[in-house]
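From first to last, the protein sequence lines are chains D and S.
52 is the number that the working numbering gives to position 52 of the first sequence; each next residue is one higher, with no gaps.
1036 is the number that the working numbering gives to position 36 of the second sequence; each next residue is one higher, with no gaps.
Written below as structure tokens is the structure these notes are about.
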Amino acid sequence: MVNDSGQLYTMEGIAAGLVMLLTAYLILSTTSIYTPGDTHIPDMQLEQLGSDVLAMMDTPDLEGGENQLVNFINAGDGNGFRESFLEYCNATTSGKPDTLHMSANVTYRGEDDQIKEHLLVGPDETWTGRESAVRVTRWVQLDQQSTRGDPYRSRAQAVLVEVLLWRA
Amino acid sequence: MACMNEDGQWIVLMGLLVAVGLFFLALIINQSALVGQTTAEGVLEFPKNDIRDLRSEIFDYYDRYDDLTDSERQNNVEDIVRISLERMNAVVHFWNGTPEEITIHYNNGVTVYDETVYHY
């Protein structure tokens, strides 16, 4: 029969070993602190939300109807664009609206084949908060139109709307 | 330690096992912050929205293909190709065999996308 005296010493030894391992693990892991923001999950959700809102604004209500996004660009109406975009983004099913902020610019090909950017919506006076900003884009077809506001040319053209979106 | 009372060792042993079990459960909770990171990074890296948007833009262009003059067509294609390269970091090339048969090529260095589609 095996002599089972001294079991308590064995257990004490195992417990001490575990405590030492745990201490080493805690000390080594303090060099990097992992926060939920590092997982990029909110970034992914924000990017999807922004893309969906731009796609919605780029879709006419009716076949051959007016396209909201094209109208804002043609009119150079940055304020109108910001208000509708943020209204769609910040809508929640219940409770207080979300606190998203945005800035936007439009990239187009000007004279001499130069790619130029036009600031459509300037950034507001808010900090970006804990999470990083994401960039969402949407291609827009503009028809030939001589009354289009500066700086785009009057020819039919494709421009790229870029929106920077962040939660404050 | 000659006088040490060695009764109840099984109880102490079970207590130790429970403590170790709780420690591992705490480790699992600690790692739960990582859940979804790979998924989120995969979604962010794959340019799904960019490609879908590019497709719909190209289809928009071919929808109005017949209304455009030759120089307008050329300008439109040039817009998409050059702005894609400059602002989307993507090499884009597209052409049509017949007006309905459209071939699209997209490459942003990580994801390559090619398709030939019949669009009416």
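Ideal Cβ placement from N, Cα and C applies to all residues, glycine included.
Just so we're clear, the structure is a prediction, and the values are computed from it rather than from any experiment.
Three-state secondary structure (DSSP) of residue i
{"i": "D/Leu164", "result": "strand"}
{"i": "S/Leu1017", "result": "helix"}
{"i": "D/Asp52", "result": "helix"}
{"i": "S/Met1001", "result": "Note that S/Met1001 scores 49 on pLDDT, short of 50, meaning its location in the model is unreliable; the coordinates nonetheless yield the value given after this. S/Met1001: coil per DSSP, three-state reduction."}
{"i": "D/Val159", "result": "strand"}
{"i": "S/Ile1104", "result": "strand"}
{"i": "S/Glu1057", "result": "helix"}
{"i": "D/Ile33", "result": "coil"}
{"i": "S/Val1012", "result": "helix"}
{"i": "S/Asp1114", "result": "strand"}
{"i": "D/Gln7", "result": "helix"}
{"i": "D/Thr23", "result": "helix"}
{"i": "D/Asn67", "result": "coil"}
{"i": "D/Glu83", "result": "helix"}
{"i": "D/Arg135", "result": "strand"}
{"i": "D/Gln144", "result": "coil"}
{"i": "S/Tyr1062", "result": "helix"}
{"i": "D/Tyr88", "result": "helix"}
{"i": "D/Leu100", "result": "strand"}
{"i": "D/Val2", "result": "coil"}
{"i": "D/Asn74", "result": "helix"}
Own chain partners of residue i with C-beta closer than 6 Å, once the 5 adjacent residues on each side are dropped
{"i": "D/Pro151", "result": "His118"}
{"i": "D/Asn183", "result": "Residue 183 of chain D is absent from the structure shown; chain D starts at 1 and stops at 168."}
{"i": "D/Ser51", "result": "Val136"}
Listed by chain order, chain S residues near residue i by CB distance under 7 Å
{"i": "D/Pro36", "result": "Ala1033"}
{"i": "D/Ser94", "result": "None at all; the shortest Cβ gap to chain S is about 24 Å."}
Contact test: residue i Cβ vs the ligand SAH heavy atom, cutoff 7 Å
{"i": "S/Leu1025", "result": "Among the ligands in the structure shown, none appear at all, so the ligand SAH cannot be discussed."}
Chain S contact residues for residue i, given Cβ-Cβ distances below 8 Å
{"i": "D/Asp61", "result": "Neighbours of D/Asp61 on chain S: none; closest Cβ ~17 Å, over 8 Å."}
{"i": "D/Ala156", "result": "Arg1064, Leu1068, Glu1072, Asn1075 and Asn1076"}
{"i": "D/Leu18", "result": "Val1020 and Phe1023"}
Close Cβ partners of residue i (< 8 Å) along its chain, the five nearest in sequence each way excluded
{"i": "D/Lys116", "result": "Thr107, Tyr108, Arg109, Gly110 and Pro151"}
{"i": "S/Met1001", "result": "Any reading at S/Met1001 needs caution, since the residue's pLDDT is 49, under 50, leaving its predicted position unreliable; the model's value is listed next. Here the set comprises nothing."}
{"i": "D/Gln7", "result": "none"}
{"i": "D/Gly122", "result": "Gly78 and Ser103"}
Under 8 Å by beta carbon: chain D residues contacting residue i
{"i": "S/Asn1107", "result": "Under the 8 Å cutoff, chain D gives no residues; its nearest Cβ is about 17 Å from S/Asn1107."}
{"i": "S/Ala1040", "result": "Thr39, His40, Ile41, Asp43 and Met44"}
{"i": "S/Leu942", "result": "Not covered by the structure: residue 942 of chain S. The range shown for chain S is 1001 to 1120."}
{"i": "S/Glu1006", "result": "Ser5, Gln7 and Leu8"}
Within chain S, the residues that residue i reaches when beta carbons sit closer than 9 Å
{"i": "D/Glu24", "result": "In the sequence under discussion, the amino acid at residue 24 of chain D is Ala, which differs from the Glu named in the question. By Cβ distance, chain S contributes nothing, its closest Cβ being about 14 Å from D/Ala24, past 9 Å."}
{"i": "D/Ile83", "result": "A quick correction: the sequence has Glu, not Ile, at residue 83 of chain D. By Cβ distance, chain S contributes nothing, its closest Cβ being about 23 Å from D/Glu83, past 9 Å."}
{"i": "D/Glu162", "result": "Arg1087"}
{"i": "D/Thr107", "result": "Ile1083, Glu1086 and Arg1087"}
{"i": "D/Ile115", "result": "Arg1082, Ile1083, Leu1085, Glu1086 and Arg1087"}
Neighbourhood of residue i by C-beta distance below 7 Å, restricted to the same chain and skipping five residues each side
{"i": "S/Glu1115", "result": "Ile1104"}
{"i": "D/Asn105", "result": "Glu117, His118, Leu119, Leu120 and Glu162"}
{"i": "D/Gln141", "result": "Ala158"}
{"i": "D/Thr137", "result": "Leu160, Val161 and Glu162"}
{"i": "S/Asn1049", "result": "none"}
{"i": "S/Glu1045", "result": "Val1110"}
Contacts that residue i makes with chain D (C-beta to C-beta distance below 7 Å)
{"i": "S/Asp1060", "result": "Gln141"}
{"i": "S/Val1012", "result": "Leu8 and Met11"}
{"i": "S/Gly1036", "result": "Thr39 and Ile41"}
CB contact below 8 Å: residue i versus chain C
{"i": "S/Gly1097", "result": "Checking the listed chains, one finds no chain C in this structure; the protein chains it contains are D and S."}
Beta-carbon neighbours of residue i, restricted to chain D and to distances below 9 Å
{"i": "S/Asp1114", "result": "Per Cβ cutoff of 9 Å: no residues; S/Asp1114 is ~19 Å from chain D at best."}
Chain-ordered residues of the segment 121-151 of chain D with a beta carbon less than 9 Å from chain S:
Val134, Val136, Thr137, Arg138, Trp139, Val140, Gln141, Asp143 and Gln144
For the segment 1074-1087 of chain S, enumerate the residues whose C-beta is nearer than 9 Å to any C-beta of chain D, in chain order.
Residues are counted here when their Cβ sits less than 9 Å from a Cβ of chain D; for the segment 1074-1087 of chain S these are Asn1075, Asn1076, Val1077, Glu1078, Asp1079, Ile1080, Arg1082, Ile1083, Ser1084, Leu1085, Glu1086 and Arg1087, given in chain order.
What residues in the segment 38-69 of chain D bring their beta carbon closer than 7 Å to a beta carbon of chain S?
Residues of the segment 38-69 of chain D with a C-beta less than 7 Å from any C-beta of chain S: Thr39, His40, Ile41, Asp43, Met44, Glu47 and Ser51, listed in chain order.
Could you say if the segment 1027-1041 of chain S and the segment 36-46 of chain D meet the contact criterion of at least three C-beta pairs nearer than 8 Å?
yes
Taking 8 Å as the threshold, find out whether the segment 1092-1107 of chain S comes into contact with the segment 1015-1032 of chain S through three or more Cβ pairs.
no
Just by C-beta distance, which residues in the segment 1040-1057 of chain S are closer than 8 Å to chain D?
Ala1040, Glu1041, Val1043, Leu1044, Asn1049, Asp1050, Asp1053, Leu1054, Ser1056 and Glu1057
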